[in-house]
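Colleague:
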Amino acid sequence: MAELSTQEKYKFKRTLEELGKKRGQGTELLSIYIPHDKQISDVTAQLKDEVGSASNIKSKSTRTNVQGALASVLSRLRYYRMPPENGLIIFCGAVRISGDKTDMESIVMEPPEPVLSYSYQCSSEFYIEPLEEILKDKKTFELLVLDRKDAAVGLLIGKRIEAVRHLTSNVPGKQRKGGQSAARFSRLRLIAINEFYKRIGEAASTVYLKGDWGDFRGIFIGGPSPTKEEFVKGEYLHYALQKKILGVFDVSYTDESGLYELVNKLSQSMDDMEIAKEKKMINRFMGEVIKENGLASYGEEFVRENLKAGAVDTLLLSEDLKMERISRRCGNCGREETITIAADGDEQDHKVCKCGSTLEITGRRDIVEELSEIAEASGTKVEIISTESEEGEQFFNAFGGIAAILRFRV
Ligand code: ZN
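Quick note on the working numbering: the sequence shown kicks off at 279 and runs consecutively.
1) Apart from the five residues on each side of it in sequence, which residues of its chain come closer than 6 Å, Cβ to Cβ, to Ile435?
2) Can you have a look at Lys637 and say buried or exposed, based on whether 16 or more other CB atoms are within 10 angstroms of its CB?
3) For the beta strand (DSSP E) that Ile406 lies in, which residues bound it at each end?
4) Anything with a beta carbon under 5 Å from a heavy atom of the ligand ZN counts; list them all in chain order.
5) For His444, which beta-bridge partners are listed by DSSP?
6) Leaving out five residues on either side along the sequence, give the residues of the same chain with a beta carbon under 7 Å from the beta carbon of Val344.
7) Check the C-beta distance from Leu594 over to Ile663 and give it rounded, since I have them as a contact under 8 Å.
8) Answer yes or no: do Phe712 and Gly525 have a C-beta to C-beta separation smaller than 7 Å?
9) Return the CA-CA distance between Val329 and Lys299, expressed in angstroms with no decimal places.
10) Helix, strand or coil: how does DSSP classify Met279 here?
11) Starting from Thr293, trace the alpha helix (DSSP H) in both directions and tell me its first and last residue.
12) Give me whichever residues DSSP pairs with Ser397 in a beta bridge.
13) Taking Glu388 as the reference, which of Arg426, Phe527 and Gly365 has the closest Cα?
14) At the level of alpha carbons, what is the spacing between Asp381 and Ala347?
15) Please state whether DSSP places Gly479 in a helix, a strand or coil.
16) Would you tell me roughly how many angstroms separate the C-alpha atoms of Ser402 and Arg356, rounded to the nearest one?
17) Any idea if Cys633 is buried or exposed, counting beta-carbon neighbours within 10 angstroms, 16 or more meaning buried?
18) To which residues of the same chain is Ala682 closer than 6 Å at the C-beta, ignoring the five residues directly before and after it?
19) In chain order, what are the residue ranges of uninterrupted alpha helix (DSSP H) at least 4 long that sit wholly in the stretch 600-672?
20) Mapping the DSSP letters down to three states, classify Gly572 as helix, strand or coil.
21) By a C-beta neighbour count over all protein chains shown, 10 Å radius and 16 as the cutoff for buried, is Tyr311 buried or exposed?
22) By the 10 Å Cβ neighbour count, where 16 or more other Cβ atoms means buried, how is Ile375 classified, buried or exposed?
23) Go ahead and label Cys611 buried or exposed: buried means 16 or more other beta carbons lie within 10 angstroms of its beta carbon, across all protein chains shown.
24) Just how far apart, CA to CA, sit Met279 and Gln285?
25) Put Gly500 into one of helix, strand or coil per three-state DSSP.
26) Closer than 7 Å by C-beta to Arg354: which residues in its own chain qualify, once you throw out the five before and the five after it? Chain order, please.
27) For Glu597, collect the residues of the same chain with a Cβ closer than 6 Å to its Cβ; drop the 5 residues on either side in sequence, then sort them by chain order.
28) Alpha carbons only, please: which of Ser339, Ile406 and Val351 is nearest the one belonging to Thr293?
29) What first and last residue would you give for the alpha helix (DSSP H) that runs through Leu515?
30) Among all the DSSP beta bridges, which residues are the ones paired with Lys543?
31) Can you tell me whether Ser545 is buried or exposed, with buried defined as 16 or more other CB within 10 angstroms of its CB?
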């Protein structure tokens with residue numbers, strides 16, 4: 279499958295969030311997953327059966343709504359001779375809007391990944407779990423940091439770091455006690471080191487062999503020299519894991535904090551990883567923020583001004599913004615305005631105009647999509663920053679999630 283671009287991913291994620299919030303009055307929302315190789319005529323036949331069984335539903339409104347939804351899906355399916363390449367997903371039903379009011383909605387989508395099996399569900403909410411799976415960054419790496427005193431084994435799952443094991447050794451320090459022969463001391467020390475490496479290897483292998491891996495890519499190893507090299511050359515890892523060593527890095531901490539240090543190090547050298555890209559962007563932005571007259575801007579108002587002036591090199595937007603740009607107009611005096619509101623704030627919906635009349639909403643856009651469009655029209659790069667990494671969270675909390683790296687200062 280072609281991977282979704284960050285903007286496509288963002289859009290898809292928001293669509294799912296919206297779908298996930300919708301509720302029916304009763305069990306009357308249909309979710310139908312049709313794989314590519316399923317005959318449309320089979321689906322149609324099954325749905326016609328469902329229309330029949332729906333007549334047994336006791337609640338009159340639920341019965342009417344389910345039958346209405348089925349009829350709507352059946353009429354939609356008439357346009358298909360066969361399902362598209364990735365199959366077809368249909369969500370349809372009477373969605374509750376406020377109080378007792380419902381609105382018949384129907385969403386037909388071709389998913390970015392193939393539908394694997396046919397499913398028909400009727401529930402009070404839409405069945406979106408299989409689609410949520412697609413969004414998960416399933417790339418997983420094992421992490422290992424070690425020296426002769428400690429070691430930590432962890433995982434990097436998508437953008438999340440998880441510490442799994444911490445080991446400490448009983449390797450004696452370099453200073454021998456009086457009365458011990460130098461040769462004997464160093465022999466005992468080597469044995470202890472070897473034992474510790476074996477224990478580390480076993481711990482790393484256990485994590486690897488017992489892992490329920492989505493998409494296992496390999497292991498990264500960190501530590502001071504020459505310990506980590508000694509460990510790698512000594513082949514203390516399970517042979518299957520030994521083959522999957524992706525990189526060895528100098529890291530000064532070898533407890534759990536070393537795992538974070540390791541990810542920082544490897545981020546610098548692994549450009550294809552999303553976490554690395556995000557961190558790099560934020561670090562570049564932060565670098566400009568702390569400079570006097572640096573090329574950075576943040577806050578919606580300032581960023582908009584810079585965008586208008588064509589001064590933005592890269593627009594940074596947090597995917598957690600959840601704000602909308604709405605336009606509204608007064609039918610009485612003709613006054614128009616465009617404002618930004620929280621996506622779930624509806625208290626602004628019926629704002630009264632200066633003339634006393636009610637402002638009607640004439641347009642409504644997700645702010646990330648709206649700003650991205652403005653940016654792209656002037657050749658500005660757009661980066662959508664998740665809040666899954668520490669940096670991304672900071673970016674959202676400290677800078678409001680809207681920022682820009684500038685080409686020049688206005
Ligand atoms: Zn007015």
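We put the beta carbon where it would ideally sit given N, CA and C, even for glycine.
Modeller: Taking the coordinates as given:
1) Thr418
2) Note on residue identity: the sequence assigns Leu, not Lys, to residue 637. It is buried - the Cβ of Leu637 has at least 16 other Cβ atoms within 10 Å.
3) Per DSSP, Ile406 belongs to no beta strand (DSSP E) and is neither H nor E.
4) Cys608, Asn610, Cys611, Arg613, Cys631, Cys633 and Ser635
5) Beta-bridge pairing links His444 to Ala430.
6) If we look at Val344 and ignore the five residues flanking it on each side, its Cβ neighbours are Glu306, Ala332, Ile335 and Cys400.
7) 6 Å
8) With the chain covering only 279 through 688, there is no way to say anything about residue 712.
9) 26 Å
10) Any answer about Met279 is weak, because its pLDDT of 42 lies below 50 and its placement is not dependable; what the coordinates show is given next. The DSSP-derived three-state label of Met279 is coil.
11) Thr284 to Lys299
12) Answer is Tyr311, bridged to Ser397.
13) Gly365
14) Those two C-alpha atoms are separated by around 11 Å.
15) helix
16) The straight-line gap from Cα to Cα measures roughly 26 Å.
17) exposed
18) Ser575, Val581, Asn584, Val590 and Leu593
19) 645-655
20) coil
21) buried
22) exposed
23) exposed
24) Residue placement at Met279 is flagged as unreliable, the pLDDT there being 42, under the threshold of 50; the coordinate-derived value follows with that caveat. Rounded to the nearest whole angstrom, the CA to CA distance from Met279 to Gln285 is 17 Å.
25) strand
26) A distance below 7 Å between beta-carbons, with the five flanking residues on each side excluded, links Arg354 to the following residues of its chain, in chain order: Ile368, Ser384 and Val386.
27) Once the five neighbours on either side are set aside, the close Cβ partners of Glu597 are Tyr288, Ile662 and Ser664.
28) Ile406
29) According to the DSSP assignment, Leu515 belongs to no alpha helix (DSSP H), since it is labelled neither H nor E.
30) Paired residues: none, contrary to the question.
31) buried
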